[in-house]
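**Student:**
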């Protein structure tokens with residue numbers, strides 16, 4: 021999750037007093053380790069802005085789908101390597 025983009029969007033919301041941040045929706049939760057090293061980026065954003073973050077799909081869901089597809093074996097290996105380098109433990 022790109023925290024810079026979220027901060028920019030929240031700054032825009034704050035410039036409109038009638039607007040209220042009640043949550044954040046993201047398309048893909050890449051399930052990456054946060055900068056603090058104690059949780060995921062999603063957990064850090066939820067804590068920092070005190071709102072829930074809802075994802076349409078998570079990296080783990082994509083990996084599970086790819087595991088059932090022989091034609092995606094090479095891409096699956098790349099996803100697993102990405103998760104090993106940057107990710108949190110799958111849920």
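Numbering (my numbering), first residue to last: 21 to 111. Just so it is clear, CB atoms sit at the ideal spot from N, CA and C, and this is done for glycine as well.
(1) Sort 50, 48, 65, 49 by Cα distance to residue 56 and report the nearest one.
(2) For residue 108, count neighbouring Cβ atoms within 10 angstroms of its own Cβ and tell me buried if that reaches 16, exposed if not.
(3) Which class does residue 30 belong to by DSSP, given the choice of helix, strand or coil?
(4) Thinking C-alpha only, which one of 100, 61, 69 is nearest residue 27?
(5) Tell me which residue opens and which closes the beta strand (DSSP E) that residue 45 is part of.
(6) For residue 105, count neighbouring Cβ atoms within 10 angstroms of its own Cβ and tell me buried if that reaches 16, exposed if not.
**Tutor:** On the basis of the data shown:
(1) Here residue 56 is taken as the residue at index 36 of the chain shown, counted from 1. Minimum Cα distance to residue 56 is reached at 65.
(2) The count along the chain shown starts at 1 and reaches residue 108 at position 88. Buried is the call here.
(3) Taking the chain shown and counting its residues from 1, one reaches residue 30 at position 10. Helix, per DSSP.
(4) Along the chain shown, one-based indexing puts residue 27 at 7. It is 69.
(5) Reading the chain shown from its first residue, position 25 is the one you call residue 45. Bounds of the beta strand (DSSP E) holding residue 45 are 44-49.
(6) Numbered from its first residue, the chain shown carries residue 105 at position 85. Label assigned to residue 105: exposed.
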